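Participant: In our numbering, the protein residues as written are 875 to 1039.
Before anything else, here's the structure in question.
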């Protein structure tokens, strides 16, 4: 093993350190030094949905950067980039359920658990989102329907996180 001992001025030492940090940021890819926005919430009890009603996932598991609002069911993007968004909803036994993932008042993809015994459906999307965009799960039927979640089971959930800038 070889050891090299040397002295250099504090300015050169500081410049070298800054260069090393810059290279590490480039290697990591993002260059971002803060928390990665992420949220995960579930439904603590069943929720009856009227026409154009947001599903309110009220049990917060993760809410890094506080983008998800458990009172409105809306994730407001704190930092732009590519996000992975996921949702699972369960319909009550013998009932149907129609919900969609919305982005800024625009319907994207839908979930339709059918009449089977407590059937569930899951969506996974990667969306290019800008800071301030709003993402949520909204009921898509004119008739009332029930999103099922038994106390303690957290059967229906909504989550998302930043994948890349």
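Each residue gets a CB set at the ideal place from its N, CA and C atoms; glycine is no exception.
Bear in mind the structure is a predicted one, so any value in this text is a computation, not a measurement.
List the whole-angstrom C-beta distance separating residue 1011 from residue 929, where the pair is believed to meet the contact cut-off of C-beta under 8 angstroms.
Facilitator: Start at 1 with the first residue of the chain shown, and residue 1011 comes out as number 137. Start at 1 with the first residue of the chain shown, and residue 929 comes out as number 55. That belief holds up - the Cβ atoms of residue 1011 and residue 929 are roughly 4 angstroms apart, short of 8 angstroms.
Participant: Is residue 1025 closer than 8 angstroms to residue 919 when the C-beta atoms are compared?
Facilitator: For the purposes of this step, residue 919 is taken as the residue at position 45 of the chain shown. For the purposes of this step, residue 1025 is taken as the residue at position 151 of the chain shown. Cβ distance < 8 angstroms, so residue 919 and residue 1025 count as in contact.
Participant: Quick check on the DSSP output: the beta strand (DSSP E) that includes residue 921 runs from which residue to which?
Facilitator: Counting from one through the chain shown, the residue named residue 921 turns up at place 47. That run of the beta strand (DSSP E) goes 921 to 923.
Participant: Nearest by alpha-carbon distance to residue 996: which of 1033, 911, 947, 941 is it?
Facilitator: As a first step, residue 996 is located in the chain shown; it is residue number 122 there, counting from the start. Of 1033, 911, 947, 941, the residue nearest in Cα terms is 1033.
Participant: Between the Cα of residue 924 and the Cα atoms of 964, 1016, 950, which residue gives the shortest distance?
Facilitator: Here residue 924 refers to the residue found at position 50 of the chain shown. Of 964, 1016, 950, the residue nearest in Cα terms is 1016.
Participant: Could you tell me the boundaries of the beta strand (DSSP E) in which residue 1019 lies?
Facilitator: Stepping through the chain shown from its first residue, residue 1019 is reached at position 145. Looking at the DSSP string, the run of the beta strand (DSSP E) that includes residue 1019 is 1019 to 1021.
Participant: With DSSP as the reference, label residue 991 as helix, strand or coil.
Facilitator: For the purposes of this step, residue 991 is taken as residue 117 along the chain shown, with counting starting at 1. Coil.
Participant: Any idea which residues DSSP pairs residue 934 with across the strands?
Facilitator: Stepping through the chain shown from its first residue, residue 934 is reached at position 60. Looking at the DSSP assignment, residue 934 forms a beta bridge with 915.
Participant: Using CA coordinates, which residue listed in 1001, 992, 973 is at the minimum distance from residue 1029?
Facilitator: As a first step, residue 1029 is located in the chain shown; it is residue number 155 there, counting from the start. Selected option, being the one with the closest Cα: 992.
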